[in-house]
Amino acid sequence: MSENQNLLAEQRRALILDEVRRHGGARVNELTRKLKVSDMTVRRDLDALARLGVVEKVHGGAVPIAEASTHEPGFEAKSGMELSAKEDIARAAAPFAVPGSAIALSGGTTTYALAQHLVDVPGLTVVTNSMRIADVFHSARRAADVASEGAGGRERSFGAATVVLTGGVRTPSDALVGPVADAAIRSLHFDVLFLGVHGVSAEAGLSTPNLAEAETNRHFLRSARRVVVVADHTKWGKVGLSSFAALSEVDVLVTDAGLPRAAREEMAEHLRELVLAGA
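Going by full-length UniProt numbering, 98 is the number at position 98 of the sequence shown; the sequence numbering is gapless.
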């Protein structure tokens, strides 16, 4: 069998994961036919997904791992998933950050991807509860300063943002939450909040497995004039332990083209605006 060279490993694994989740499992021989790759390739992909903790390998195939409502994957585990979708979402969400505005970025791997598209937006003030996101802007500023020094100080970085890191207690997903973060956020006001989420559903709204993070997110929402949620299609239908907002509280939800049509129609009934990145 000739290998299908048109799909990257990441894209193949996303398709395999979607197949496993939609049908409650998938067999190796079915996946080889569908993807037009060898069974060795499929087995390697299943090994990679099993290491990420999103499927369980069984004889002849794989089944999804049922997540408890309190299960919170770490940042590293999540950062290796749905990379193309997150990049599409980041590009589509970036224009909502207007030059000279005050924005907030919650912790998460999708907001982390978005931050890398915002470093050149002029005059931003950025409030975040993510050390990783703060580091993105810090590294960009340091690189700009080095470039300016190399040009004899004649260049100026117009994209360098003012960054406020809230402080707080670190979660497994590398967000800073709790009373310290809440107090900092309560005293501020944002033009736009870019919010990453663990789960999105019509019934439960936006949810997270972490109770302290839910409360911190509520403060983010109360302090924002506009709320832009960034979430790939795998977040649809997930429900964490604690809901912190209804879909009606979201101004814009930016997701990717992998969102099933039925889910799009259901979302449209509850949302003010739905953006399908990469469609």
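The C-beta atom is built at its ideal place from N, Cα and C for all residues, glycine as well.
Taking 9 Å as the cut-off, the beta carbon of residue 225 is found closer than this to the beta carbon of residue 189. Within the DSSP bridge table, the entry for residue 103 names 126, 192 as partners. Cβ-Cβ distances below 7 Å link residue 101 to 124, 191, 192 in the same chain, with the five nearest sequence neighbours on each side left out; the list follows chain order. Judged by DSSP in its simplified three-state form, residue 245 adopts strand. Rounded to the nearest whole angstrom, the C-alpha separation of residue 248 and residue 163 is 29 Å. It is roughly 10 Å from the alpha-carbon of residue 92 to the alpha-carbon of residue 86. Secondary structure at residue 170: strand, using DSSP grouped into helix, strand and coil. A residue is called buried when at least 16 other Cβ atoms come within 10 angstroms of its Cβ; residue 219 meets this threshold and is buried. Going by C-alpha positions, residue 214 is about 43 Å away from residue 36. In the three-state DSSP reduction, residue 207 falls in the strand class (E or B). With respect to residue 252, residue 231 sits apart: the two C-beta atoms are not nearer than 9 Å. The three-state secondary structure of residue 276, taken from DSSP, is strand. Per DSSP, the unbroken beta strand (DSSP E) holding residue 201 starts and ends at 199-201. Secondary structure of residue 97 (DSSP, three-state): coil. In the DSSP assignment, residue 162 falls within the beta strand (DSSP E) that extends over 162-165.
Apart from the 5 residues on each side of it in sequence, residue 21 sits with its Cβ closer than 7 Å to the Cβ of 64 in its chain, given in chain order. Collapsing the DSSP output to three states places residue 232 in coil.
Shown here, residue 215 sits in a helix according to DSSP, grouped into three states. Scanning 60, 160, 266 for the CA closest to the CA of residue 139 turns up 160. For residue 233, the closest alpha carbon among the candidates 18, 12, 13, 142 is that of 18. Distances from the alpha-carbon of residue 175 to those of 45, 204, 211, 121 put 211 closest.
At a Cβ-Cβ threshold of 9 Å, residue 250 and residue 275 do not count as neighbours. In the structure shown, residue 31 falls within a helical segment according to DSSP collapsed to helix, strand and coil.
Under DSSP, residue 61 takes part in a beta bridge, and its partners are 27, 58.
Contact check for residue 165 against residue 134 passes: the beta carbons are separated by less than 9 Å. When secondary structure is reduced to three states using DSSP, residue 17 falls in the helix class.
Using a Cβ distance threshold of 9 Å, residue 14 and residue 56 do not count as a contacting pair. Nearest in C-alpha terms to residue 195, of all of 182, 203, 217, is 217. In this chain, the alpha helix (DSSP H) harbouring residue 47 covers 39-52.
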